[in-house]
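Report on one structure; see the data block that follows.
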Amino acid sequence: MSTLLPSSGSAAGSADEGIRLQKVLAAAGVGSRRACEELIRDGRVEVDGEIVTTLGTRVDPRRAVIRVDGKRIAPPAPHRYLVVNKPRGVLTAMTDRRGRPCLGDLLPPELGRLFHVGRLDADSEGLLLVTNDGELAHRLMHPSHEVPKKYVVWVWGAVGRPALRRLREGVALDDGPAAADAVRVLEKLPDRSIVEIVVHEGRTHLVRRLMAAVGHPVERLVRTAIGPIELGTLRPGRWREVTNRERGELLDLVESSIEPRRSGSDSRSMPRSRTSGRGSARSSARMKRQNSDDLAQDE
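Just so you know, we're using our numbering here: the sequence shown kicks off at 6 and counts up by one.
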């Protein structure tokens, strides 16, 4: 008996109506929703032995035999969303062929196939999201959603108002201007400062480069939040499940994000005012991020 169900003009349907095929494929980790749609259009997806090319097709994922390029796709596992506090010296990878400490070592194997959303380099610490939800991971990493990320950094020297002003207005970097969404000094030490900074871009080592550009190199970096999800009191090397409230707020954030504005000009000139500075930096950053690697080290 075929598990194909008639397509519906409504994006929402009851459980009896099945789930859109591209969503089932994305949930199974085949690729992003858009990539799965291309697979369907290209005639590379079979359901119960029948090639499907209609994007509106719904299936029962519990019973359907789905194949991509002839290979059977396992039914999607229940989605899991984890917060991990990555310690310093641990690679953001689920495995490492050279046997170095990595993120996968911190998680029990019974959790199944998981992957990290974005990354932190080995010298950085703090919050990483780990999931088996390919669609959500793609949305979080896509530059159009501008998900804010909060960091606490220990930097050399006393950070004063001029440096904070420059960070808010925008500074020149090798790959174009950039600015902090928010920044403040948490504590002043004899030879260092502890600073909280929020950015929404995924450019490589952005926070480190911003701080170095204003004369305060980073000595230690800890990511403390991604959107509504916070590290809290979670100890280094430990993990926890994302709460239903956190997951709901995160979904609301990515679904309500505004697509990047189209611009006919390249706004790379340095700002003269705080308002124009942040706009100029963000506009240029959006264009940069369109071609950025999703796996960029985004601290």
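Glycine included, C-beta positions come from ideal geometry on N, C-alpha and C.
Secondary structure note for alanine 217: it is in no beta strand (DSSP E), and the uninterrupted alpha helix (DSSP H) holding it is 211-218.
Minimum Cα-Cα distance from glutamate 206 among the listed residues Val190, Ala183, Leu191 and Pro222 corresponds to Ala183.
Secondary structure at glutamate 115: helix, using DSSP grouped into helix, strand and coil. Excluding five sequence positions before and after glutamate 42, the CB atoms of its chain that fall closer than 8 angstroms to its own CB belong to Gln27 and Leu60, given in chain order. Judged by DSSP in its simplified three-state form, serine 149 adopts helix. Taking the Cα of valine 152 as reference, the smallest distance to any Cα among Gly232, Ile24 and Val35 is reached at Gly232. In chain order, Val158, Val160, Arg213 and Met216 place their CB closer than 6 angstroms to the CB of valine 223, counting only its own chain and leaving out the 5 sequence neighbours on each side. Of the candidates Glu174, Pro80 and Val50, Pro80 places its Cα closest to the Cα of asparagine 137.
For leucine 256, there is no enclosing beta strand (DSSP E); the enclosing alpha helix (DSSP H) covers residues 249-260. Residue state for arginine 225 is assigned as strand, using DSSP reduced to three classes. If you check the CB distance, valine 219 and tyrosine 156 do not come in under 8 angstroms.
Distance between serine 129 and proline 83, taken at the CA atoms: about 30 angstroms. Taking the Cα of arginine 245 as reference, the smallest distance to any Cα among Thr58, Arg102, Arg49 and Leu116 is reached at Leu116. Secondary structure remark: continuous beta strand (DSSP E) runs of at least 3 residues inside the region 48-115, in chain order: 50-52, 71-73, 76-78 and 86-91.
DSSP places valine 29 outside any beta strand (DSSP E); the residue lies instead in the alpha helix (DSSP H), whose first and last residues are 26-32. In the structure shown, histidine 205 falls within a coil segment according to DSSP collapsed to helix, strand and coil. A straight-line Cα-Cα distance of about 53 angstroms links valine 57 and valine 200. Close CB contacts of asparagine 90 within its chain, under the 7 angstroms cut and outside five residues either way in sequence, are with Gly131, Leu132, Leu236, Leu239, Arg240, Pro241, Gly242 and Arg243 (chain order). The residues Ile199 and Glu201, in chain order, have a CB closer than 6 angstroms to that of leucine 191 in the same chain once the five nearest residues on each side in sequence are set aside. Judged by beta-carbon spacing, glycine 94 lies within the 8 angstroms limit of proline 106, meaning their Cβ atoms are closer than that value.
Cβ neighbours of leucine 96 within its own chain (closer than 8 angstroms, five residues either side excluded): Arg105, Pro106, Cys107, Leu108 and Ala127. For leucine 256, the closest of Gly181, Leu145 and Glu304 by C-alpha to C-alpha distance is Leu145.
The alpha-carbon separation between arginine 197 and alanine 163 amounts to approximately 6 angstroms.
DSSP places glutamate 140 within a helical segment (H, G or I) once states are collapsed to three. At a Cβ-Cβ threshold of 8 angstroms, glycine 139 and alanine 32 count as neighbours.
If you look at leucine 169, you'll find it in the alpha helix (DSSP H) that goes 166-174.
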